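As structure tokens, this is what we get:
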């Protein structure tokens, strides 16, 4: 049987349906659906995406018999319309438009008014009695066809002052004619003028291509169809697909449709509308239209369209039909629709309907209200909100109405906006903040010592570092806005100012950062604060009812813990104790410990840190009363705690009362070629057991004291960087002893667990052995990704962007879990671990824990929880619900993807 | 049924057998075997190793009924000997000796002459008529029992000049008595003196322990058995087991055996002998004896024993029996035996027989000759030579007869010995070497830039760095001796000398290094050159007949390739092209390439390197005519090629005609936090494709030129550090194009393959995908170990030794493949790879390729080949044969191990 390549729509029915998007593209499928619904749509036919794919696969050859099939459909169209393609009596004009499965606005080509030539022009004039309209359509057709099909490009030209500019030669001619006829707008041109325009255009085409403008309508059609298919692989379409992850082999369909004209005079017009407000979600018809215009005029923005409500006044019957249709469409599709329509001489035609794009706020409101209206169920409502979108709702944002002066742009490293006075050091940030001032911390790059300053700042701006730099990672963890790697900024710390693109900003001056766009603005810009109750709370509640994964947070302070609780976190999945080592004066004791030569000296220094760590834990436990708290014992290599610059070293030596030489010697002895693979994690805990012992003592003293006051504390002690079961055994044995001693002394019994991070490939591979000792696993996917790929996150900047851009890696593995590689290891770890210890509690605590596709993966492989930074908690909750809902739809997804 | 704990031997038969070593220990099993063979052995019984294990498992409690069983066996012994334990008529004396499954010489305790007290002493005097002998035995017994059983330790004492020395109080008394009786040797003491000695000893025991010396023989026996079991866990035994990998749960047996006396006068004696020469392997009875002595006297070395041949003159009948027995034993055990015997009043008793330890040379000679004698088959002969042992035979060694002055000791980083004049720079090494001088290169530490100097040196001495430092790894690769990390050496480069432990060695002075011991010696020490023909060649030939694994070599130069061919390498498994980048003037072009900002500039610089690389490949291909050569394209990060010190940078800037600032900036931009996980391997090849293109061009131009001259070249192009199939795809596509172009231009067709290193966990996990593009796999186990463990080899020095010492890791994973972790990944990689591409060629090329247990693993999982440094090739060949032979014996091994 011959394959069917073309699908007809018109005469009250269509061969296609809305669910045939893969074959007919979004536009074609929806036009067919509307036709079947009895909605007035100009008839036509859709050439399927398969043709596009075969064309490119077979060295740009079309399937055999395609043109015969086109001719057959064209004949059907003529029949349906009672018009004739290429005839001077009742001529049929068509549009030729691309239409891919996913919307790719403006990326591919369109030709309107096709079928016009000297001969059919006469037929149009006769048919419409409107010569001016006919010539206007003709000149538009020639312009469009020449650009899209004949490939007449803009010309480069030198201006008088030596700049190169691009000149559209058709516009040049248009401007000449306008001048000649003293016309301001296109619409001011009379028939005579348009006739001249057409003649001049034809000469231009002849000059540019060496051939006459094609007269034969079927030749025009063939050329136009070919051009649209070709446009699937034009540079901007390729770039767009790369950007939005649209597969190259989806292809585009081509829609050939009878032309209807919004520009036939004052009883004609064209418009676009949304069935609800796409910005706020309000249930109110929303759109705009232009009288006496074609669709391109609305887009071009030369004339200002009117609000859709005005149409009610101008053409009440048309407006009424439109309202009836949009309601029918929304009820049919059960989602907010984005529609396009044309009015030709008081008759309404629908040209397109599709699911409308919307802001996060609108998505949430529409979803919740549609449930209330009985239009969709809760599950559908949940799926209507993209988890990643929620990020917009969780942070302050720049008021879109505010007037801003953008002075530079960096990387949008952590979302949200922040307003504050510029400071250049963490100390200054803390000092000014303690006086109630809001500050923005501006640094070359941040280091762990800046944590205190970052914590009090409204936002962070760095000159160096990328999306995964220290500043970016920490800021995201804190839910604080961060613009990173803004190389235009030039800090002069001595003069306490920074220069950027000709501006000078001094310490104490106000700036505003937008971490969602990377914009840096002068002054205090008005922000909009997030609203987390109402519809947002409703959709989260529904998500919670459905999801199976628990969602915990990564939090190192009671403040972060509280934020996360407010966002619905059900415990702490990762409390990094090393951040506590930097705060305030305790870094001195930490350094004293590191510089000690004997265990005795180290214990002395650790004894000073003990009460502070204990205090930290108490605060965190209080916030997490009743929820589990996973505490990771010290992880980073000791070298990170030592100062790095010459001056800092000298100052510390003085303070510690040791020689600069000794300090440097010690520092050098701790330096590592590959600190990521060095003396860290449990390797530290094994060689300096006194560090972990102090930490566990602090945890249990804090927990016991609170337990005595009736709090329910569930500490989960997590040993980092275990690669071999013996490392866990060795460490665990000693820690249990300390825990038991504390509990015995304080006469309280605390239920606790000892488990491990699985962050090395070897740990995942030998998870069956490790699970015999570990009471829980937490996959540290950051480090696991680094070791599995052999890829340092800090050093990947020189090649990872190239990899993503050239599709060598499909996604950044530090953003979304690499399911084929790292994911396989995780699966192996879970299976082996649970085989050895039934009911083993398993979670993940890398940054992936708040990324929707990774959350879905975690659900699929049966983890108990994900843990993510506080501001990602709602995203993870929603993503976890999506994961459950998508499970049933897996087959459907795999056939469309 | 009651468990049997004790095994009797005597009266012409024994309850044990030679194959019961696990239960009876080596000594007990062999004594039983000898008894069964009808060889004269003093009767006795063995308490099994199970008792030892139960004792320690059950909190130092012996199994119920053990002592009853001992008493029963003691009664049986009395019957067999017609003597009485503890009686004054015909008293029975016994020895109580440890005997573990593996020989642990001198590590555990022994008590002789047990059963003596005032009463039995009389019986001995009566029985022997030799009062002096009886008292001599008595004083020996008290000394031994006091030390071993009563735990009377040496005393610490201050000498006059303030030094602390250890004093054996029994020796102090002995010296007093000797003085008093004017005796020089023990044997000079008369009965009177010995009687006094005994009395004084007993007073000492009373003073030290607060109790009288135990008189009751059964009490003595109980205490002695207990002490021997306890000695299984004394510190030196624990250390020994750790050192030789003997499991703690093997336990020791205790042998209680009738005493026979070699010290009963001039018709008595004792001796040890080997059935063949253990140093050379010569088939000649070899040993020594002492008349009128107990075994301990031979060991103590106070009197000089005589050669065994003298016994023939002194006691021809005894000698004849001994010869008959040793031949019987060697024929029975079919291996060279190490025997102990005692002659009591002209009657010969055998006390022990066991497989004799031997040098590598002896092992080879004995194995080959025993095959010729028809004693063993070839397979047995092959298994008689330990692969690791061969290392002794492949390098020059210090003549054991040479007089040497050792001035310091470093780490034995690369085996063999070297003699040369001291130089301090690679340049000096090359210059002097070009004049025909032999040199030893002495450096703080080496870096890739020193390769040229290392290559011409006889040996390398470094102050810093461990067993896996650059110097150590490269030296092992070159088969050159290296003493690393000798911290006592203090180099003064300015004065061109080094100081070490008070010696000053100037440039140009002769020194000798022994890389097998770490010794540094002054002057030109005489060396013995390896002899690789004869028996060595014979055993290797047999091994080759049996092994299934192919053995290739890692070689970067034609010299190394030639050495490896001479050692039997069947191709190159890893030719690292980066080493070629450092040689001579080409490093300038490499740096020019790195400093270029555009591809065009880079290509210009690469064009200069091309002819040199091509030349290198030609030389290597010539040596490897007919064998495959795997060429790894550039792997290390570019930063490694730039200079590091301030002076070097300035010099280079001048040479390159760029500013110091630019050079530093470029260098800084290439610096990485974790270079191991950085911009290297195929990541370089992808971002700078011109580098790999140049390398492939060089390979194929070289191959084509030689192919035209009739050589058979099989290049295998290997892409390093592939983690994702797309990396391989991207690189391979470009390289094939270059290869095809060269072949077309040169009109030759070369059979070649493109494959990849599997050195990242992700590569192993996705091996099924990667194998669709890779035509071969080569496991880079060095990097795979680093990433799987998350362990930087360069940084592991601070904790890995602690890990090994404390058994947190059973073995250094950089020495022997970690089979549970890294090995699992390799297995997975092989299985997935072969599932996707039938017959995929798979090998390994890490340092593990020459380590016997790793070679065995590679055989088991079905690799095609291992590749190792040239000097490990014979070891790998033999280990590969062992792997085949052990396969059939797996069950036997698993029950004894």
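Chains as they are written, first to last, in our numbering: chain A, 87 to 983; chain B, 87 to 983.
C-beta: ideal position from N, C-alpha, C; glycine also.
Owing to the predicted nature of the structure, the values given are computational and were not obtained by experimental measurement.
Which listed residue (A:620, A:714, A:673 and A:699) has its alpha carbon closest to that of residue 657 (chain A): A:714
Close-in-space but distant-in-sequence residues of the same chain around residue 777 (chain B) (CB under 7 Å, 5 per side omitted): 692, 720, 770 and 771
Any chain A beta carbon closer than 8 Å to residue 687 (chain B): no
Reference residue 582 (chain A), options A:115, A:805 and A:527, closest by Cα: A:527
Buried or exposed (CB count within 10 angstroms, at least 16 for buried), residue 402 (chain B): exposed
Environment of residue 660 (chain A) [buried if 16+ CB atoms lie within 10 Å]: buried
Residue 418 (chain B) CB to nearest heavy atom of the ligand NAP below 7 Å: Of the ligands one can find in the structure shown there are none, so the ligand NAP has no counterpart to examine.
Any C-beta of chain A under 8 Å from that of residue 772 (chain B): yes
Close-in-space but distant-in-sequence residues of the same chain around residue 970 (chain B) (CB under 8 Å, 5 per side omitted): 632, 633, 634 and 945
Residues in the segment 783-810 of chain A having any Cβ partner in chain B nearer than 8 Å: 807, 809 and 810
Within chain B, the residues that residue 934 (chain A) reaches when beta carbons sit closer than 9 Å: Chain B residues near residue 934 (chain A): none, gap ~16 Å exceeds 9 Å.
Backbone CA spacing between residue 205 (chain A) and residue 472 (chain A) [nearest angstrom]: 53 Å
Contacts of residue 440 (chain B) in chain A (Cβ-Cβ under 9 Å): Neighbours of residue 440 (chain B) on chain A: none; closest Cβ ~34 Å, over 9 Å.
Proximal residues, the segment 899-922 of chain B versus chain A, C-beta separation under 8 Å: 904, 906, 907, 908, 910 and 911
Chain B contact residues for residue 881 (chain A), given Cβ-Cβ distances below 8 Å: 758, 759, 760, 761, 763, 764 and 765
Cα-Cα separation, residue 901 (chain A) to residue 876 (chain A): 16 Å
Contact set between the segment 850-873 of chain A and chain B, restricted to residues whose Cβ is under 8 Å from the partner: 851, 852, 855, 869, 872 and 873
Through-space distance from residue 224 (chain A) to residue 301 (chain A), alpha-carbon basis: 12 Å
CA-to-CA distance, residue 639 (chain B) to residue 793 (chain B), given in whole angstroms: 22 Å
Stretch-stretch touch, CB-based, cutoff 8 Å, three pairs: the segment 565-574 of chain A with the segment 488-508 of chain A: yes
Chain A contacts from the segment 808-832 of chain B (Cβ-Cβ distance under 7 Å): 809, 810, 812, 813 and 816
Interface partners of residue 846 (chain B) on chain A, CB under 8 Å: 874, 875 and 876
Spatial neighbours of residue 650 (chain B) in its chain, beta-carbon cut-off 7 Å, leaving aside the 5 residues before and after: 639, 641, 956 and 959
Euclidean distance between Cα positions of residue 308 (chain B) and residue 200 (chain B): 11 Å
C-alpha gap between residue 985 (chain A) and residue 682 (chain B), whole angstroms: Within the shown structure, residues of chain A are numbered from 87 to 983, placing residue 985 (chain A) beyond reach of any answer.
Per-residue DSSP class, three states only, for residue 339 (chain B): strand
Span of the alpha helix (DSSP H), counted from its first residue to its last, around residue 430 (chain B): Element bounds for residue 430 (chain B): not the alpha helix (DSSP H) but the beta strand (DSSP E), 423-430.
For residue 589 (chain A) and residue 492 (chain A), believed in contact at Cβ under 8 Å, the rounded distance: Actually they do not touch by this definition, with Cβ atoms about 11 Å apart.
Among B:764, B:898, B:926 and B:865, the one whose alpha carbon lies nearest that of residue 886 (chain A): B:764
Residues bridged to residue 183 (chain A) (per DSSP): A:196 and A:341
Identified DSSP bridge partners for residue 953 (chain B): B:638
Residue 279 (chain B) and residue 259 (chain B) closer than 8 Å at C-beta: no
DSSP bridge partner residues for residue 841 (chain B) (one or two, in chain order): B:804
Beta-carbon proximity of residue 595 (chain B) to residue 509 (chain B), cut-off 8 Å: no
Residues that residue 895 (chain B) contacts on chain A, provided the C-beta gap is smaller than 8 Å: 810 and 812
Coarse secondary structure for residue 153 (chain B), derived from DSSP in three states: helix
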